[in-house]
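Numbering (our numbering), first residue to last: 29 to 422.
All residues carry an ideal CB built from backbone N, CA and C; glycine is no exception.
A quick note: this is a predicted structure, and the numbers were derived from the prediction, not measured.
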Ligand code: TYD
């Protein structure tokens, strides 16, 4: 049932930024599969969570204004629309959402100790644990059932989705609400943004696959919101099937129809996507090489996990992209996983000596362009691979 459609080569752990460039770093096959029965897209190689989500995990949600605003707006919506007495967030990261609520109303779950500590120190109850049935049982004993469970960009990182949804359904009140948001498969396919795939992203959800998956646990989607975050995400609003108080919005049917119109339920769509990805690689390399042949310099902007997939799949090293800039303290002075490219601290001055910047964080293009207006006026040009490789001329 799982049909292979794309090989993104050997990839290092995406968020494993290290102080030294290790030529023989562990790499894992990154192959993509489409399940013809439940329509789920996933990667084949499953790396144990403990290897990826360590106690010095570098990804911090609060590093971007766009994300802060998105989570703040969601907190307002949750309070107004659902008025939950208790809220639980799975994968609370550095507290970007939970800190918008009253301390007594919210519980965070965060397996990376360095991140869990940030919210604990602020007085927010945070369990430094992985999400699973065992934990759900303990939480129910201690805190009772929960009114609203939320999770962003986390559930797709967990291999055993049956356990994930069984545990959620178990802990949620009968009238409880589950909200999850993750990158949209439809947007990924449309934008040829194959960098959405890396070893942490075990699944890429669509409305079709999510509704197939949650059915088994007596859950259904009742509303959907398309978001601009992470290059195009979907927020799924989910309830228990037996809760008839909430009407199912037309948006759910529309999203599924849209996905079907685009062929997300058919293998052939993914085979075509694979062809586009190969072409994207070729064209990106041509652009970078042409720039270098004119003795111009290129820096990477945003040392994202997504960029790690691109660098390793396209075999881009220091001779093409000299450095990356990033604002995240945990990434500075470290190397892009699998590559000899060093990440330097972001300052506008650090960009001055470069002619081109490859957008590793293309999903924040708007925010970045606003910030770099002056440099763009001077001479800096951006390169992106989304939706097709090109130099962005302003
Ligand atoms: P994101 O796109 O969320 O990453 P991932 O692919 O790893 O999930 O991360 C954005 C990265 O870009 C993060 O390391 C912070 C960095 N960044 C900057 O350095 N400057 C900026 O202006 C922005 C918006 C992001």
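query, result
"Do you know offhand how far residue 193's Cα is from residue 211's?", "18 Å"
"Helix, strand or coil, according to DSSP, for residue 305 in the structure here?", "helix"
"Can you say whether residue 337 is buried or exposed, counting buried as having 16 or more other CB atoms within 10 angstroms of its CB?", "buried"
"Given residue 88, which residues of its chain have a CB within under 8 Å of its CB, disregarding the five upstream and five downstream residues?", "121, 122, 143, 356 and 358"
"Can you pull the DSSP bridge partners for residue 211?", "261"
"So what does DSSP say about residue 251, is it helix, strand or coil?", "strand"
"Thinking C-alpha only, which one of 170, 229, 47 and 43 is nearest residue 140?", "43"
"Taking 9 Å as the cut-off, decide whether the C-beta atoms of residue 22 and residue 241 are in contact.", "The displayed coordinates of the chain run from 29 to 422. Any statement about residue 22 would go beyond what the structure contains."
"Closest by CA to residue 384, which one among 350, 214 and 374?", "350"
"Please work out which residues of its chain come closer than 6 Å, Cβ to Cβ, to residue 427, disregarding the five sequence neighbours upstream and downstream, and give them in chain order.", "There is simply no residue 427 to check, as the chain begins at 29 and stops at 422 in what is shown."
"Measuring CB to CB, does residue 64 end up less than 9 Å from residue 295?", "yes"
"Note the first and the last residue of the continuous beta strand (DSSP E) segment covering residue 56.", "56-63"
"Is the region 404-418 close to the region 218-234, with three or more CB pairs under 8 Å?", "yes"
"Hey, how far is the Cα of residue 170 from the Cα of residue 130?", "19 Å"
"Can you grab the Cα-Cα spacing for the pair residue 299 / residue 33, in whole Å?", "6 Å"
"May I have the straight-line CA-CA distance separating residue 101 from residue 51, to the nearest angstrom?", "44 Å"
"With H, G and I counted as helix, E and B as strand and the rest as coil, what does DSSP make of residue 146?", "helix"
"On the CB-based measure, 16 or more other CB atoms within 10 Å of its CB, does residue 127 come out buried or exposed?", "buried"
"How many whole angstroms separate the CB atoms of residue 284 and residue 266, which I take to be in contact at a CB cut-off of 8 Å?", "So it is not a contact: roughly 14 Å between Cβ atoms."
"The beta strand (DSSP E) with residue 33 in it runs from where to where?", "30-39"
"Taking the CB atoms as reference points, tell me whether residue 302 and residue 388 lie closer together than 9 Å.", "no"
"Give me the Cα-Cα distance between residue 366 and residue 375, rounded to the nearest whole angstrom.", "25 Å"
"Counting only runs that start and end within the region 93-162, where is the alpha helix (DSSP H) found for 4 or more residues in a row?", "93-109 and 141-149"
"Would DSSP call residue 217 helix, strand or coil?", "helix"
"DSSP three-state call for residue 226: helix, strand or coil?", "coil"
"Using DSSP with H/G/I as helix, E/B as strand and the rest coil, what is residue 437?", "There is simply no residue 437 to check, as the chain begins at 29 and stops at 422 in what is shown."
"Using three-state DSSP, classify residue 246 as helix, strand or coil.", "coil"
"Comparing the CB of residue 92 with every heavy atom of the ligand TYD, is any distance shorter than 8 Å?", "yes"
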